[in-house]
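A.B. asks: Got a structure for you, written out below as structure tokens; questions coming shortly.
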Amino acid sequence: MGKRKKVSSPGRTPRSHPSSGSQTRGFYTPFHELDQQIARARKERKKARRRSLLTPEPLKALDGTSNSLSEEEVFLNEMSDVVPLDPQERRRVPRTRGPSSFPRFAEAEDEEVLRHLGELVRGQCRFELTLSDEYLDGAVVGLPPAVLNRLRNGDFSYQDHLDLHGLNRHEARDGVIRFIQESHMRGLRCVLLICGRGLNSKGKEPVLKRVLVQWFTQAPLKRLVLAFATARTWDGGGGAFYVLLRSTQGKAPVRSPAL
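Take 117 as the starting number for the sequence shown in the numbering used here and just add one per residue.
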């Protein structure tokens, strides 16, 4: 008996086996390549979106057209209806200054200085103060008047001096305290302090001159200073002080009453 041959039915196409690239573990996966195409397209869209976020869009014309404009052109378009001022009507606007906290602090300190000077004049402190026009003298209570008179007349030659020109109030205070303390430790008896007349200060008032009196008569200098007096003309006049210091040896050429 002969072998029977297989004959395909008319109109039927023989099934073709998938290629090895379309198989996964022996299964036929016709959508594998389609999935890969979709994934690649999605990745490209993400890249394009990222590039669009990083790249600024060009400026567009104000009339809605797509022509790109430079920043200068946009500015000129915005300013096209602005009318410049008439040169004859121009005027300078005065500059205004805001409030400052420093003047308030300075005013409060000035009030404290004046209050202390008033107490000195009224004899409420351990210093006696004498005021007359440009002259300002002071001495500890009990100092012989003859000693203060000699200091006023410049009979005691000053042994060192300190010039306070160019210093602000806080710098001057630190400098005066250090200078007086060091002079006392060196055994000096008379020194000169140059404070100026205050002609260049606000209101042309001798601000440093007033605060010097306060520093002389308060701690830490009140235990070192015996007396102070406005200097003679050749030593600075109303812009300087002679300062008489206590002795460090216990035996002074002038009588210094105990505090």
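Glycine included, each C-beta is placed from N, C-alpha and C at the ideal position.
By alpha-carbon positions, which one of Ala-255, Leu-328 and Ala-343 ends up nearest to Asn-284?
C.D. replies: When each option's Cα is compared against that of Asn-284, the closest is Leu-328.
A.B. asks: Please state whether DSSP places His-286 in a helix, a strand or coil.
C.D. replies: Here His-286 sits in helix by DSSP.
A.B. asks: Could you check if Val-257 is buried or exposed, using at least 16 other CB atoms within 10 Å of its CB as the buried criterion?
C.D. replies: When all chains shown are included, Val-257 counts as exposed.
A.B. asks: Starting from Glu-244, trace the beta strand (DSSP E) in both directions and tell me its first and last residue.
C.D. replies: Element bounds for Glu-244: 243–248.
A.B. asks: Under three-state DSSP, which class holds Asp-271?
C.D. replies: Asp-271: coil per DSSP, three-state reduction.
A.B. asks: Apply the 10 Å Cβ neighbour rule to Ala-356 and answer buried if 16 or more other Cβ atoms are within range, or exposed otherwise.
C.D. replies: Flag for Ala-356 reads buried.
A.B. asks: Mapping DSSP to helix, strand and coil, what is Asp-253?
C.D. replies: Strand at Asp-253.
A.B. asks: Could you check what DSSP says for Thr-364 in three-state terms: helix, strand or coil?
C.D. replies: Correct three-state label for Thr-364: coil.
A.B. asks: Of the choices Glu-287, Leu-324, Leu-342 and His-286, whose alpha-carbon is the least far from that of Leu-361?
C.D. replies: It is Leu-342.
A.B. asks: Rounded to whole angstroms, how far is the Cβ of Arg-289 from the Cβ of Trp-350, which I believe are closer than 8 Å?
C.D. replies: Rounded, the Cβ-Cβ distance is 27 Å, inconsistent with contact.
A.B. asks: Flag this pair as yes or no: are the beta carbons of Thr-364 and Gly-254 separated by less than 8 Å?
C.D. replies: Not in contact: Thr-364 and Gly-254 (Cβ atoms no closer than 8 Å).
A.B. asks: Is Glu-308 helix, strand or coil when you go by DSSP?
C.D. replies: Residue identity differs from the one stated: residue 308 is Leu in this sequence, not Glu. Strand, per DSSP.
A.B. asks: Could you check if Leu-278 is buried or exposed, using at least 16 other CB atoms within 10 Å of its CB as the buried criterion?
C.D. replies: The residue in question, Leu-278, is buried, as its Cβ has 16 or more Cβ neighbours within 10 Å.
A.B. asks: Just mark Phe-243 as buried or exposed, buried being the case when its beta carbon has 16 or more other beta carbons within 10 Å.
C.D. replies: The residue is buried, with at least 16 neighbouring Cβ atoms inside 10 Å.
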